[in-house]
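Engineer: Residue numbers (the numbering used here): 97 to 434. C-beta atoms are modelled at their ideal positions from N, C-alpha and C, and glycine is treated no differently. On a predicted model such as this, the values are computed, not experimentally measured, just so you know.
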């Protein structure tokens, strides 16, 4: 689509390495790019959009510090802060009171697949003062042979020796038919995906070490808060309570949730590779990096496209929202250019 477009020029092996401003430092004058042979080119335009993801957009802004020593758009030390990812973590088990087959994956028309998940209503979230999250279900028999679960087994457990390599695990999984998900009728693992509370201490900075193009490498300090942990526990308390009242199931918390005073995160805590924040949207320059039109505060012709603009993250995949936000930016620029 891009290759066949008559109004788009696509340059490959052109890595943006530096942004240069005009003398007034309120507009981008040019962007320098390099190929892997260190040949440098210059790009000049009326408007510039950085669309290289939350990590690389931030890296370029911070590294472009020859005119402003703290980097571009960073007058209030917000560039790189509020890094967020979706917390993904095995959290509990659900045991049905009576065996009941569940269809956990619904194959819809045109290849769309919907996954069954538990989530709290907006009202329940507000009442409990917690973040937005979901709990998905996997048949426990199958889930117990996934690598993160095996890592939790004792070294004395004979299953650990039987399934120590990933290839053996995959072989075991292939032996467990997909129908297991529907046909196992009692025990399920509850897997959490939850938004991360915006945290200024969760941030990206630059290292002294540089890559082959001369751009400083990234240092990521992913920092979680007490609210993140409280939200997971509270969500499962609500789910467990509702299941018990309805006499449908019982919920067993995994060890890290059993003690509400235990603030340590388990080793199997992970993220969804959904990098968000770092160039947060806020109309007050002291609170964010871009305004509601995704324009960097103080720079009249520089914009950010992508999930780096998200002030909060919700609990679902960010791609649909970041594409919608990018299309909104393109509509804004169309009007501005006319």
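Rank 121, 192, 329 and 290 by C-alpha distance to the C-alpha of residue 353 and give the top, closest one.
Structural biologist: Taking the first residue of the chain shown as position 1, residue 353 is located at position 257. Answer by Cα proximity: 329.
Engineer: Could you tell me the distance, in whole angstroms, from the CA atom of residue 123 to the CA atom of residue 381?
Structural biologist: Counted from its first residue, the chain shown places residue 123 at position 27. Counted from its first residue, the chain shown places residue 381 at position 285. Approximately 16 Å between the Cα atoms of the pair.
Engineer: When the Cα of residue 327 is compared with those of 208, 179, 196 and 224, which residue comes out closest?
Structural biologist: Along the chain shown, one-based indexing puts residue 327 at 231. For residue 327, the nearest C-alpha among the options comes from 224.
Engineer: Quick one: Cα of residue 183 to Cα of residue 418, how far?
Structural biologist: On the chain shown, position 87 is the one that residue 183 refers to. On the chain shown, position 322 is the one that residue 418 refers to. Rounded to whole angstroms, residue 183 to residue 418 spans 19 Å at the Cα level.
Engineer: Is it buried or exposed, residue 173, if we count other Cβ atoms within 10 angstroms and call 16 or more buried?
Structural biologist: Here residue 173 refers to the residue found at position 77 when the chain shown is read from its first residue. Result: exposed.
Engineer: Among 284, 159, 286 and 359, which one has its Cα closest to the Cα of residue 304?
Structural biologist: Mapped onto the chain shown, residue 304 falls at position 208. Out of 284, 159, 286 and 359, 159 has the C-alpha closest to the C-alpha of residue 304.
Engineer: At 4 residues or longer, and completely inside the segment 338 to 400: list those alpha helix (DSSP H) runs for me, N to C.
Structural biologist: List check, alpha helix (DSSP H) in window: 351 to 354.
Engineer: Is the CB-CB distance between residue 150 and residue 404 below 8 Å?
Structural biologist: Reading the chain shown from its first residue, position 54 is the one you call residue 150. Reading the chain shown from its first residue, position 308 is the one you call residue 404. Going by C-beta atoms, residue 150 is nearer than 8 Å to residue 404.
Engineer: When burial is assigned at 16 or more other CB atoms within 10 Å of the CB, is residue 310 buried or exposed?
Structural biologist: Taking the first residue of the chain shown as 1, we reach residue 310 at position 214. Exposed: under 16 other Cβ atoms inside 10 Å.
Engineer: In the DSSP output, what is residue 234 paired with across the bridge?
Structural biologist: Mapped onto the chain shown, residue 234 falls at position 138. For residue 234, which the question treats as bridged, DSSP gives the partners 285.
Engineer: Quick check: residue 331 and residue 231, are their CB atoms within less than 8 Å of each other?
Structural biologist: In the chain shown, counting from the first residue as 1, residue 331 sits at position 235. In the chain shown, counting from the first residue as 1, residue 231 sits at position 135. For residue 331 and residue 231, yes; Cβs fall inside 8 Å.
Engineer: Does DSSP put residue 120 in a helix, a strand or coil?
Structural biologist: Your numbering for residue 120 matches position 24 in the chain shown. DSSP places residue 120 in coil when its eight states are reduced to three.
Engineer: Taking its Cβ as the centre, do 16 or more other Cβ atoms sit within 10 Å of residue 422, making it buried, or is it exposed?
Structural biologist: As a position in the chain shown, residue 422 is number 326, starting the count at 1. Residue 422 comes out buried.
Engineer: On a Cα-Cα basis, can you pick out the residue from 235, 413, 425 and 399 that is closest to residue 146?
Structural biologist: Mapped onto the chain shown, residue 146 falls at position 50. That would be 399, whose Cα lies nearest to the Cα of residue 146.
Engineer: Between residue 364 and residue 236, what straight-line distance do the alpha-carbon atoms span, to the nearest angstrom?
Structural biologist: Taking the first residue of the chain shown as 1, we reach residue 364 at position 268. Taking the first residue of the chain shown as 1, we reach residue 236 at position 140. The alpha-carbon atoms of residue 364 and residue 236 are separated by roughly 17 Å.
Engineer: Taking C-beta to C-beta, are residue 49 and residue 301 nearer than 8 Å?
Structural biologist: The requested residue 49 does not occur in the structure, where the chain is confined to residues 97 to 434.
Engineer: Fully enclosed by the segment 129 to 193, which alpha helix (DSSP H) runs are 4 residues long or longer?
Structural biologist: Counting only runs of 4 or more, we get 149 to 159.
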